[in-house]
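Okay, structure first, notes after.
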Amino acid sequence: MDPDTADAQLLDAAEALFNERGVQAVGMDEIRSRSGVSLKRLYRLYPAKDRLVEAVLHRRDLAVREELARFLDPIDDPRDRILAVFDYLDDWFRREDFRGCTFINTFGELGGGNQAVADIAKANKAALLGCLRELVSAAGLAAPLADQLAILANGAMATAAIAGSPLPARQARDAARVLLDAAR
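Under UniProt numbering, the residue at position 114 of the sequence shown is numbered 114, and the numbers go up by one with no gaps.
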């Protein structure tokens, strides 16, 4: 197996297992078994579990940013683009494998003791805020609205995971609509 294929299989397996059960509950041998990559190759690519966690988070961060951008791309109206962020969340929360935000979950597990994980989680949340700031600016609305919308989005992520329901996305969208109407 070539290194790129092994890396992709390891990241796929680790991401799925971390999502299902959390980082601390998953051992390297289980990742090796799920991935089909030899233990020797696994440790050659990721000499420590922390490096694998960081790689999973980096890859997930890029994927989420790209996925959200693709979701918003066909929408022209600036206000509709803002509300579509919450439609994106609703779609995500309805996926069979949704267990909450990888970054919130991993930060909760490891962020206090792993600065790299904390930095990646913060960068992901900063990217969401940056996206919302761009959308708010394009709509000609006051900048502080983006921070409020980010709180709604992140709160919906945490609440949906705990409740096991996609409903918080709709509720956050309704609250965002109220904020948008008030900001006019």
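Using N, Cα and C, we set each Cβ at its ideal position, and we do this for glycine too.
Exposure label - residue i; buried when at least 16 CB within 10 Å
| i | result |
| --- | --- |
| leucine 62 | exposed |
| glutamine 24 | exposed |
| glycine 27 | exposed |
| valine 85 | buried |
| glutamine 115 | exposed |
| methionine 157 | buried |
| serine 38 | exposed |
| proline 168 | buried |
Rounded straight-line distance, which links the Cα of residue j to that of residue i
| i | j | result |
| --- | --- | --- |
| aspartate 7 | alanine 176 | 40 Å |
| alanine 22 | arginine 173 | Reading off the sequence, residue 22 comes out as glycine, not alanine. Computed Cα separation, rounded: 28 Å. |
| alanine 16 | alanine 55 | 13 Å |
| alanine 146 | lysine 125 | 12 Å |
| glycine 108 | glutamate 20 | 15 Å |
| leucine 110 | proline 78 | 37 Å |
| isoleucine 148 | proline 74 | In the sequence as displayed, the identity of residue 148 is glutamine instead of isoleucine. In a straight line, the C-alpha of glutamine 148 is about 24 Å away from that of proline 74. |
Anticipated Cβ contact below 8 Å, residue i with residue j, distance rounded
| i | j | result |
| --- | --- | --- |
| alanine 127 | arginine 65 | 6 Å |
| threonine 106 | valine 178 | About 32 Å separates the two Cβ atoms, so there is no contact after all. |
| leucine 132 | alanine 118 | Contact flag wrong, Cβ pair sits at about 21 Å. |
Local conformation of residue i per DSSP, three classes
| i | result |
| --- | --- |
| arginine 79 | helix |
| aspartate 2 | coil |
| aspartate 97 | coil |
| arginine 34 | helix |
| valine 23 | coil |
| phenylalanine 88 | In the sequence as presented, phenylalanine is not what sits at residue 88; that position holds tyrosine. DSSP places tyrosine 88 in helix when its eight states are reduced to three. |
| serine 137 | helix |
Residue nearest to residue i in terms of C-alpha spacing, selected from the options
| i | options | result |
| --- | --- | --- |
| leucine 42 | Leu180, Ala13 and Arg79 | Ala13 |
| threonine 159 | Leu72, Gln171 and Gln148 | Gln171 |
| alanine 163 | Ala48, Arg94, Ile82 and Pro74 | Arg94 |
| alanine 183 | Ala143, Leu167, Asn154 and Gly155 | Ala143 |
| glycine 100 | Pro166, Leu132 and Pro74 | Pro166 |
| alanine 48 | Ile31, Arg59 and Arg60 | Ile31 |
| arginine 44 | Asp2, His58, Arg70 and Arg60 | Asp2 |
Residue-chain proximity (residue i, chain D), Cβ-Cβ < 8 Å
| i | result |
| --- | --- |
| alanine 172 | Protein chains in the displayed structure number just one, and chain D is not present. |
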